[in-house]
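Take any residue in the sequence shown, note its place counting from 1, add 43, and you have its number in the numbering used here.
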Amino acid sequence: MTHNGSLAHTGVSWPLYAIVGLAVAGGGALMRLVSRARGR
Numbered sequence: 044m045t046h047n048g049s050l051a052h053t054g055v056s057w058p059l060y061a062i063v064g065l066a067v068a069g070g071g072a073l074m075r076l077v078s079r080a081r082g083r
């Protein structure tokens, strides 16, 4: 079984993917707020 390395990589990247997802969601929310403020 030489796939242990890939398993370790997925284990390390899982929290990274969660952080990236939150960052993208936060960025989208900020863009919405900015567009609303500019719309006024």
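The beta carbon of each residue, even a glycine, is placed where N, CA and C say it ideally should be.
Note that the structure is a prediction, hence the values are computed from the model and not measured.
Per DSSP, reduced to three states, the secondary structure at Arg83 is coil, with no helix or strand assignment. Across the structure, Ala66 and Arg79 are spaced so that their CA atoms are roughly 20 Å apart. When the Cα atoms are used, Val63 and Arg83 turn out to be separated by approximately 31 Å.
A straight line joining the alpha-carbon of Ala72 with that of Ser56 spans about 24 Å.
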